[in-house]
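Visitor:
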Amino acid sequence: MNHMPEILLGAVTLGLLWAVMTIGVYITYRILNIADLTVEGSITMGAAIAASLISKGINPYLATLLALLGGMAAGLVTGLLHTKLRIPPLLSGILTMIALYSVNLRIMGRANISLLRVDTVYTVFMNLGLNRTSAVLVLGLICVISLICILYWFFGTEIGCAVRATGNNPQMARAQGINTKSMIILGLIISNGLVALSGALISQSQSFADVQMGIGSIVIGLASVIIGEVLFSRTSFYSILISLALGAITYRIIIALVLKMGMPANDLKLFTAITVAVALSLPMFRAYLSPVKRSIREDE
Amino acid sequence: MLIVNGLTKIFNIGTVNENIALRDVSFSLNEGDFVTLIGGNGSGKSTLLNCIAGVYPVESGSIIIDGVDVTKLNEHKRAAMLGRVFQDPMLGTASNMGIEENLALALRRGQRRTLRWGISNKERELYRKLLKKLDLGLEDRLGTKVGLLSGGQRQALTLVMATLKKPRLLLLDEHTSALDPKTAQMVLDISDQFIRESRITTLMVTHNMRDAIKYGNRLIMMHNGRIILDIRDEDKQKLTIEDLLKRFGKASGEEFNNDTALLS
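Protein chains in written order, with this note's numbering: chain A, 1 to 300; chain B, 1 to 264.
Laid out in structure tokens, this is it:
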């Protein structure tokens, strides 16, 4: 157990990068009320764009920004499939996800790209004297904190409120003059942009991008959202955003611990799926176990 | 101010379930008219309201509000001119958002939404003042999530939202039928008060004959997708339920068959 501090620090660091993705998933899953599978493709897309551009010598910050834009484009495609062609949201996401697999291979030119021995977004911080993990930790913190501030502001603006109303009650939103289709597209664009940004940051921290890396990422995102909601506060929007980041970190710590305890890495996806299934059914179990709620139900 | 001309709406067109909901419906409303729209189940009254609001596209005919042909306009674009309250109290408000957030959404109906903050302190004063008129204690709970309110409170709030920016036309779609009698009466009284105070042109669907007679200056009755009676002003003031049933029988050649309308 000597390596425990390092393992935990690594988990927290990785969790911060996944927190960016988790916040993106929250925007579609909770705010828009859509389970968007595009993320499986857009997280890889972010990694693919960043890795291929960086390996060609492009500034890593510019490459990461372009990765963000690429993810936004993926979200736009899903949004258009859903709103203009009236394909159900789940299927629209699946279509974009599958299409992105080919697109990502085209971007990368091969199945994986190594980023060893090239400058990444973390190099600037390492040049300041930080080791690799600390550099990722610092940049991850900067990203997550600024993201929380930006999104808190955005969802408080008139447009942000319109997006929230659209996800909550589209009929009411239309009656209040809100173009619900545009708001759904906007939400999907923001969400997938963040997911791709997360993919770009992750690939640079692990020094490679792989065309398969997105598989199962939606489940990891959902697991983090739900862990955040169950374990931490969800009263104000600020605390929800913070709890999402804490959820993503907690998920990584759990994974690090079960791997440390000897679970084969190949069983990880099964473990994650079971965790999400249990977490999603928690509200049901809780309703049965809570005496207060039960008495209310009997009154009805 | 509202002109509906030859409106026809057919559901499931070309299938065995084809259903003609509106047959060549034409009528017009004058500024300040408060019309009660009554009819049995399937008479087309709610369909008519939804067609005016832009929920359904129509097969033929036109809808003109204030000289603007809105027949082809999207629902959210028409919303700039319309205030709407639905039958289901859950539909008119966003349950996960606060009372003030819902009102702020309504205040911006018909305006371009920007990246300005979604609600200002000046607005909160206005909301407090308006909610006080409801006498439901909502003025002290501006931050409360709407999902925690009762059906009657939500419907009253929806009414405030629908009239917050004075609409050119207020559409009330059986907005009290899902409430218990006492609450329904309260919401109806508030509606009547709002409509008279601001002289809002209103189309109120109801299946309650007594309410249809009691409220408004004009009564329109629909049957099988057609308008069969249009009773106005003094004629309407003298109207009784027996009268209405008699005139319905004469106009439709059938007996009125809606139990709920008869009993209530």
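In this text, a Cβ means the ideal position worked out from N, Cα and C, and glycines have one as well. Keep in mind it's a predicted model, so treat the numbers as computed, not measured.
Is there a Cβ from chain A that is less than 8 Å from the Cβ of Met222/B?
Guide: As a first step, residue 222/B is located in the second sequence; it is residue number 222 there, counting from the start. It does not: the Cβ of Met222/B has no partner Cβ on chain A nearer than 8 Å.
Visitor: Determine the DSSP secondary structure at Phe248/B, reduced to helix, strand or coil.
Guide: Taking the second sequence and counting its residues from 1, one reaches residue 248/B at position 248. Residue state, collapsed to three classes: helix.
Visitor: Going along the chain, which residues of its own chain have a beta-carbon closer than 8 Å to the beta-carbon of Val187/B, five neighbours each way excluded?
Guide: Counting from 1 along the second sequence, the entry for residue 187/B is found at position 187. So the qualifying residues of the chain are Gly152, Gln155, Ala156, Leu159, His175, Thr176, Leu179.
Visitor: With a cut-off of 8 Å on the beta carbons, I'd call Ile43/A and Met21/A a contact; round off their distance for me.
Guide: Your numbering for residue 43/A matches position 43 in the first sequence. Your numbering for residue 21/A matches position 21 in the first sequence. 6 Å between Cβ atoms; contact.
Visitor: Alpha carbon to alpha carbon, how far is Leu76/A from Thr83/A?
Guide: Counting from one through the first sequence, the residue named residue 76/A turns up at place 76. Counting from one through the first sequence, the residue named residue 83/A turns up at place 83. Their backbone Cα atoms lie some 10 Å apart in a straight line.
Visitor: By the criterion of Cβ-Cβ separation under 7 Å, what are the contact partners of Asn179/A in chain B?
Guide: The residue you call residue 179/A lines up with position 179 of the first sequence. Going along chain B in sequence order, the residues near Asn179/A (Cβ under 7 Å) are His76.
Visitor: Select from Gly147/B, Ile220/B, Lys132/B, Leu105/B the residue whose C-alpha is nearest the C-alpha of Leu244/B.
Guide: Here residue 244/B refers to the residue found at position 244 when the second sequence is read from its first residue. Of Gly147/B, Ile220/B, Lys132/B, Leu105/B, the residue nearest in Cα terms is Ile220/B.
Visitor: Can you give me the Cβ contacts of Asn50/B inside the same chain, cut-off strictly under 8 Å, excluding the 5 residues immediately before and after it?
Guide: Position 50 of the second sequence, counting from 1, holds the residue named residue 50/B. Answer for Asn50/B: Tyr56, Asp173, listed in chain order.
Visitor: What does DSSP give as the partner residues of His175/B in its beta bridges?
Guide: For the purposes of this step, residue 175/B is taken as the residue at position 175 of the second sequence. Answer by DSSP bridge pairing: none, since His175/B is not bridged.
Visitor: Are the region 127-141 of chain B and the region 52-69 of chain B touching, with three or more C-beta to C-beta distances below 8 Å?
Guide: At 8 Å Cβ cutoff, the stretches do not touch.
Visitor: For a test of the three-state rule: what should DSSP assign to Gly41/A, helix, strand or coil?
Guide: If you number the first sequence from 1, residue 41/A lands on position 41. Helix.
Visitor: Name the DSSP bridge partner or partners of Val205/B?
Guide: As a position in the second sequence, residue 205/B is number 205, starting the count at 1. Per DSSP, Leu37/B, Asp173/B.
Visitor: For Thr202/B, would you say it is in contact with chain A, using Cβ-to-Cβ distances shorter than 8 Å as the test?
Guide: For the purposes of this step, residue 202/B is taken as residue 202 along the second sequence, with counting starting at 1. Output row for Thr202/B: interface = no.
Visitor: Which ranges does the alpha helix (DSSP H) cover as unbroken runs of at least 4 residues, wholly within the region 192-269 of chain A, from first to last along the chain?
Guide: Runs found: 217-231, 237-260.
Visitor: Determine, for Ile58/A, whether the minimum Cβ-Cβ distance to residues of chain B falls below 8 Å.
Guide: In the first sequence, the residue the question calls residue 58/A occupies position 58. Cβ-Cβ to chain B under 8 Å: no for Ile58/A.
Visitor: Scan the region 137-159 of chain A for residues whose Cβ lies nearer than 7 Å to a Cβ of chain B and list them as they occur along the chain.
Guide: Those residues of the region 137-159 of chain A that come within reach of chain B (Cβ to Cβ, closer than 7 Å) are Gly156, Thr157, Glu158, Ile159.
Visitor: Under the rule that 16 or more other beta-carbon atoms within 10 Å means buried, what is His223/B, buried or exposed?
Guide: As a working mapping, residue 223/B is identified with position 223 in the second sequence. It counts as buried.
Visitor: Strictly under 8 Å for the Cβ-Cβ distance: is Leu103/B near chain A by that measure?
Guide: Working through the second sequence from its first residue, we reach residue 103/B at position 103. No, no contact with chain A.
Visitor: Within 7 Å: the Cβ of Ile178/A and any heavy atom of the ligand MN?
Guide: Looking for the ligand MN in the displayed structure turns up nothing, as the structure carries no ligands at all.
Visitor: Measure from the alpha carbon of Gly167/A to the alpha carbon of each residue in Thr180/A, Ala200/A, Ser191/A, then state which is nearest.
Guide: Residue 167/A sits at position 167 when you count from the first residue of the first sequence. Answer by Cα proximity: Thr180/A.
Visitor: Please report how far the alpha carbon of Thr123/A lies from the alpha carbon of Gln206/A, in whole angstroms.
Guide: Walking along the first sequence from the start, residue 123/A turns up at place 123. Walking along the first sequence from the start, residue 206/A turns up at place 206. Computed Cα separation, rounded: 13 Å.
Visitor: Using three-state DSSP, classify Arg297/A as helix, strand or coil.
Guide: In the first sequence, residue 297/A corresponds to position 297, counting from 1. In this prediction, Arg297/A has a pLDDT of 45, which is less than 50 and means its spatial position is unreliable; what the coordinates show is noted afterwards. Reduced to three states, the DSSP call for Arg297/A is helix.
Visitor: Against chain A, which members of the region 84-102 of chain B pass a CB distance test of less than 7 Å?
Guide: The region 84-102 of chain B vs chain A, Cβ under 7 Å: Arg84, Leu91, Gly92, Thr93, Ala94, Ser95, Asn96, Met97, Glu101.
Visitor: My output table needs one value for Arg23/B: the three-state DSSP class, helix, strand or coil.
Guide: Taking the second sequence and counting its residues from 1, the one referred to as residue 23/B is at position 23. Strand at Arg23/B.
Visitor: Chain A beta carbons: is any one of them nearer than 8 Å to that of Ser264/B?
Guide: Counting from 1 along the second sequence, the entry for residue 264/B is found at position 264. Only weak support exists for where Ser264/B lies, its pLDDT of 44 falling under 50; the coordinates are left without a value.
Visitor: Starting from Val77/A, follow the alpha helix (DSSP H) in both directions and report where the run begins and ends.
Guide: Within the first sequence, residue 77/A is the residue found at index 77, counting from 1. From DSSP, the alpha helix (DSSP H) with Val77/A extends over 60-83.
Visitor: Quick one: grab the DSSP three-state call for Asp230/B.
Guide: Translated into the one-based positions of the second sequence, residue 230/B becomes position 230. Note: Asp230/B maps to strand in three-state DSSP.
Visitor: Looking at chain B, which residues of the region 259-282 of chain A have a Cβ within less than 7 Å of any of its Cβ atoms?
Guide: Per Cβ criterion, the list is empty.
Visitor: Please report how far the alpha carbon of Gly253/B lies from the alpha carbon of Gly39/B, in whole angstroms.
Guide: By 1-based counting over the second sequence, the position of residue 253/B is 253. By 1-based counting over the second sequence, the position of residue 39/B is 39. Cα to Cα, the separation comes out at about 15 Å.
Visitor: Could you check what DSSP says for Leu136/B in three-state terms: helix, strand or coil?
Guide: In the second sequence, the residue the question calls residue 136/B occupies position 136. In the structure shown, Leu136/B sits in coil (DSSP, three-state: anything other than H, G, I, E or B).
Visitor: What residue range does the beta strand (DSSP E) around His223/B cover?
Guide: Your numbering for residue 223/B matches position 223 in the second sequence. Element bounds for His223/B: 218-223.
Visitor: Cα separation between Ala209/A and Arg117/A?
Guide: For the purposes of this step, residue 209/A is identified with residue 209 of the first sequence, where counting begins at 1. For the purposes of this step, residue 117/A is identified with residue 117 of the first sequence, where counting begins at 1. When rounded, the distance between both Cα atoms is 14 Å.
Visitor: For Ile231/B, which of Met209/B, Arg218/B, Ala104/B has the nearest alpha-carbon?
Guide: The residue given as residue 231/B occupies position 231 in the second sequence. Closest by alpha carbon: Arg218/B.
Visitor: Counting C-beta neighbours from all protein chains within 10 Å, is the total for Asn30/B 16 or more, i.e. buried, or is it exposed?
Guide: Stepping through the second sequence from its first residue, residue 30/B is reached at position 30. So Asn30/B ends up on the exposed side.
Visitor: When the Cα of Leu188/A is compared with those of Ile178/A, Met263/A, Arg164/A, which residue comes out closest?
Guide: For the purposes of this step, residue 188/A is identified with residue 188 of the first sequence, where counting begins at 1. Of the listed residues, the one whose Cα sits closest to Leu188/A is Arg164/A.
Visitor: Can we say the region 11-27 of chain A touches the region 194-203 of chain A, given the rule of at least three CB pairs closer than 8 Å?
Guide: The region 11-27 of chain A vs the region 194-203 of chain A: in contact.
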